[in-house]
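Numbering (our numbering), first residue to last: 292 to 685. Here the structure is laid out as structure tokens; the discussion comes afterwards.
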Amino acid sequence: MPQKILAINAGSSSLKFKLYLMPKEQVLVSGLIDRIGHQDSVFTYKIDDKKYKIIQKVKDHPAGVKLVISALLNSGLVKNKSEIVGVGHRVSHGGSYYTQSVEINQDVAKRISELSVLSPLHNPVNLLGIESFQKLLPDAKEVAVFDTSFHSTMPPKAYTYALPYKYTKDYGIRRYGFHGQSHQYVYGEAKRRFGKNDTNKLISCHLGNGCSICAIKNGKSVNTSMGFTPLAGLVMGTRSGDIDPEIIPFIEEKAHLNSESIRSLLNHDSGLLGLSGVSNDIRDVLKAENSGNERAKLALDVFVHQIQEYIGAYTTDLGGLNTLIFTAGIGEHSASIRKRVCHDLSYLGVEIDETRNEANRIEIQDNNSRVRVLVIPTDEEIIIARDVVKVLGL
Ligand code: ADP
Numbered sequence: 292m293p294q295k296i297l298a299i300n301a302g303s304s305s306l307k308f309k310l311y312l313m314p315k316e317q318v319l320v321s322g323l324i325d326r327i328g329h330q331d332s333v334f335t336y337k338i339d340d341k342k343y344k345i346i347q348k349v350k351d352h353p354a355g356v357k358l359v360i361s362a363l364l365n366s367g368l369v370k371n372k373s374e375i376v377g378v379g380h381r382v383s384h385g386g387s388y389y390t391q392s393v394e395i396n397q398d399v400a401k402r403i404s405e406l407s408v409l410s411p412l413h414n415p416v417n418l419l420g421i422e423s424f425q426k427l428l429p430d431a432k433e434v435a436v437f438d439t440s441f442h443s444t445m446p447p448k449a450y451t452y453a454l455p456y457k458y459t460k461d462y463g464i465r466r467y468g469f470h471g472q473s474h475q476y477v478y479g480e481a482k483r484r485f486g487k488n489d490t491n492k493l494i495s496c497h498l499g500n501g502c503s504i505c506a507i508k509n510g511k512s513v514n515t516s517m518g519f520t521p522l523a524g525l526v527m528g529t530r531s532g533d534i535d536p537e538i539i540p541f542i543e544e545k546a547h548l549n550s551e552s553i554r555s556l557l558n559h560d561s562g563l564l565g566l567s568g569v570s571n572d573i574r575d576v577l578k579a580e581n582s583g584n585e586r587a588k589l590a591l592d593v594f595v596h597q598i599q600e601y602i603g604a605y606t607t608d609l610g611g612l613n614t615l616i617f618t619a620g621i622g623e624h625s626a627s628i629r630k631r632v633c634h635d636l637s638y639l640g641v642e643i644d645e646t647r648n649e650a651n652r653i654e655i656q657d658n659n660s661r662v663r664v665l666v667i668p669t670d671e672e673i674i675i676a677r678d679v680v681k682v683l684g685l
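Right, dumping it as structure tokens:
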């Protein structure tokens with residue numbers, strides 16, 4: 292019997308949702324509340340091709356959840372709240388506990404709360420979303436779908452840091468990896484289209500506000516660029532990605548910053564924004580570069596070079612490469628960044644076709660390329676909805 296399932300993706304000041312009819316995977320409503328906590332929060336949602344936009348103050352996540360549920364009821368697509376049988380929540384950090392999605396009970400909620408130490412920006416808001424839905428949809432079962440689960444297949448040599456082993460053991464300091472739903476989704480799409488054998492040595496580049504790369508061997512994550520937290524790896528909109536760890540105490544001493552200010556500097560003032568001084572949005576940085584801004588050019592060169600470094604490194608984890616995927620805001624839309632990344636990868640057999648690339652086609656490699664190069668729009672919410680069905684046995 293078709294069932295209505297909600298997929299929820301709560302960020303620090305946003306709440307994304309999709310209402311699905313499962314197992315058909317039909318999207319009934321999709322929407323986003325942005326700028327939660329501001330006077331002018333923006334609530335947009337779409338039913339069929341009709342778009343709605345409401346600007347009003349949404350003071351916090353519980354208020355946002357209330358708004359979403361009233362919109363669903365007003366739309367007539369949900370006549371009674373109890374029609375929604377399951378709610379899936381994207382949860383940032385599952386630590387070493389959760390290698391798969393899980394139905395949320397008191398113990399799971401407690402663990403998610405404890406794991407806030409490892410993901411202070413995300414786990415608390417994820418939990419707030421969970422608690423709000425528990426109150427407002429008491430008949431629905433809730434499922435946590437962790438960003439980290441897909442990477443639980445990484446071998447110890449890829450997830451262990453060379454710190455005194457005591458810290459790994461006592462504090463759980465290791466690489467966890469994030470964006471799991473996205474890497475899993477684009478891999479699944481590539482496999483569905485081109486088969487298992489042709490996608491068994493695959494690199495997925497998720498390039499959005501947050502950026503990460505994942506090496507996927509025979510369908511399993513074997514390495515990924517984000518680490519203990521989502522700060523590691525690639526240059527991002529405002530996050531630094533990898534830096535020499537000694538830089539941190541050095542800046543602390545030179546600029547008289549405490550660890551909280553350093554954390555903020557690395558998370559919010561670095562990356563494309565910090566380097567270019569222009570913006571965290573790559574479209575603005577590209578424009579600035581076009582009009583001769585040298586720092587914008589440097590920011591983009593560093594951004595691209597870092598992606599290339601990881602791709603090169605991950606071919607070692609994979610023992611080769613047969614598929615390279617670009618996804619998320621930049622990966623899906625920026626032909627010029629894809630071109631720059633692929634430009635120096637001909638040694639790996641990567642050659643792209645300019646026309647296909649400019650047209651954002653699914654396959655953008657040229658006919659001589661030894662590697663299939665794909666542009667696949669990500670869909671984290673469908674992974675969440677599928678897991679709700681799986682975990683609840685619907
Ligand atoms: P998030 O990681 O928050 O889900 P997205 O995947 O939506 O974010 O990516 C957002 C980023 O994608 C923007 O900051 C912008 O840099 C980039 N982006 C979005 N649309 C385009 C476009 N048409 N061309 C180039 N870059 C784009």
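C-beta: ideal position from N, C-alpha, C; glycine also. From a predicted model like this one, the values you see are computed outputs, not experimental measurements.
Residue of the options minimising C-alpha distance to residue i
{"i": "LEU310", "options": "LYS342, ASP340 and LEU368", "result": "LEU368"}
{"i": "ARG326", "options": "TYR336, ILE346, ASP340 and MET313", "result": "ILE346"}
{"i": "ALA506", "options": "GLY385, ALA449, ILE553 and GLU645", "result": "ALA449"}
{"i": "CYS502", "options": "VAL408, TYR467, LEU406 and GLY620", "result": "GLY620"}
{"i": "ARG554", "options": "ILE539, LEU563 and LEU564", "result": "ILE539"}
{"i": "GLY479", "options": "ASP489, VAL526, GLY510 and TYR605", "result": "GLY510"}
{"i": "MET313", "options": "ILE375, MET517 and GLY471", "result": "ILE375"}
{"i": "ARG402", "options": "ASN417, GLY385 and SER410", "result": "GLY385"}
{"i": "GLY670", "options": "GLY565, GLU316, GLN294 and SER304", "result": "First, the amino acid is wrong: residue 670 is Asp here, not Gly. Of GLY565, GLU316, GLN294 and SER304, the residue nearest in Cα terms is GLU316."}
{"i": "PRO668", "options": "ILE324, PHE441, ASP339 and HIS624", "result": "HIS624"}
{"i": "ASP629", "options": "ILE598, ASN658 and LEU525", "result": "Looking at the sequence shown, residue 629 is not Asp but Arg. Cα-wise, what sits closest to ARG629 is ILE598."}
{"i": "THR606", "options": "ILE504, PHE594 and HIS329", "result": "ILE504"}
{"i": "GLY699", "options": "GLN472, LEU358, HIS497 and ASN549", "result": "Here the chain has residues from 292 to 685 only, and residue 699 is not among them."}
{"i": "SER304", "options": "GLY532, LEU612 and LEU419", "result": "LEU419"}
{"i": "ILE464", "options": "THR451, GLN472 and SER473", "result": "THR451"}
{"i": "ALA362", "options": "VAL569, GLU537 and LYS342", "result": "LYS342"}
Start and end residues, alpha helix (DSSP H) containing residue i
{"i": "GLN347", "result": "Looking at the DSSP string, GLN347 is not in any alpha helix (DSSP H); the run it does join, the beta strand (DSSP E), is 341-347."}
{"i": "LEU563", "result": "562-567"}
{"i": "VAL682", "result": "671-683"}
{"i": "LEU418", "result": "414-427"}
Expected contact under 8 Å - CB spacing of residue i and residue j to nearest Å
{"i": "SER567", "j": "VAL576", "result": "5 Å"}
{"i": "LEU319", "j": "VAL378", "result": "In fact, because the Cβ distance is near 14 Å, the residues do not count as touching under 8 Å."}
{"i": "THR515", "j": "ASN571", "result": "Actually they are not in contact, since the Cβ atoms of THR515 and ASN571 sit about 22 Å apart, beyond 8 Å."}
{"i": "HIS352", "j": "LEU412", "result": "With a Cβ gap of about 14 Å, HIS352 and LEU412 do not count as contacting."}
{"i": "VAL393", "j": "VAL399", "result": "6 Å"}
{"i": "GLY640", "j": "ARG661", "result": "3 Å"}
{"i": "LYS508", "j": "ASP608", "result": "7 Å"}
{"i": "ILE439", "j": "TYR467", "result": "Just to set this straight, residue 439 is Thr in the shown sequence, not Ile. So it is a contact: roughly 5 Å between Cβ atoms."}
{"i": "LEU406", "j": "ASN414", "result": "5 Å"}
{"i": "PHE469", "j": "SER383", "result": "7 Å"}
{"i": "ASP644", "j": "ASP635", "result": "Their Cβ separation, rounded to whole angstroms, is 17 Å, which puts ASP644 and ASP635 out of contact at 8 Å."}
Residue i beta carbon near ligand 1 (any heavy atom closer than 6 Å)
{"i": "ILE507", "result": "no"}
{"i": "HIS634", "result": "no"}
{"i": "ASP657", "result": "no"}
{"i": "ALA546", "result": "no"}
{"i": "ARG574", "result": "yes"}
{"i": "ALA298", "result": "no"}
{"i": "HIS470", "result": "no"}
{"i": "ALA590", "result": "no"}
{"i": "SER473", "result": "no"}
{"i": "ILE675", "result": "no"}
{"i": "GLY501", "result": "yes"}
{"i": "SER516", "result": "no"}
{"i": "ILE621", "result": "yes"}
{"i": "HIS688", "result": "In the structure displayed, the chain extends from 292 to 685; residue 688 sits before or after that span and is not available."}
DSSP state of residue i mapped onto helix, strand, coil
{"i": "PHE519", "result": "coil"}
{"i": "ARG483", "result": "helix"}
{"i": "PHE334", "result": "strand"}
{"i": "GLY471", "result": "helix"}
{"i": "GLN294", "result": "strand"}
{"i": "LYS401", "result": "helix"}
{"i": "ASP325", "result": "strand"}
{"i": "TYR638", "result": "helix"}
{"i": "GLN599", "result": "helix"}
{"i": "HIS547", "result": "coil"}
{"i": "ILE395", "result": "coil"}
{"i": "ALA590", "result": "helix"}
{"i": "GLU623", "result": "helix"}
{"i": "LYS508", "result": "strand"}
{"i": "HIS442", "result": "helix"}
{"i": "SER407", "result": "helix"}
Extent of the continuous beta strand (DSSP E) run through residue i
{"i": "VAL356", "result": "Careful: VAL356 lies outside any beta strand (DSSP E), inside the alpha helix (DSSP H) at 352-366."}
{"i": "ALA435", "result": "432-437"}
{"i": "SER555", "result": "Taken as a continuous stretch (DSSP letters only), SER555 belongs to no beta strand (DSSP E), being part of the alpha helix (DSSP H) at 550-559."}
{"i": "THR618", "result": "614-618"}
{"i": "LYS492", "result": "492-498"}
{"i": "LEU306", "result": "306-313"}
{"i": "VAL576", "result": "No beta strand (DSSP E) contains VAL576, which is instead part of the alpha helix (DSSP H) from 573-581."}
Residue i at chain B interface by Cβ criterion, 7 Å
{"i": "TYR462", "result": "Within the model displayed, chain B is absent; a lone protein chain is all it includes."}
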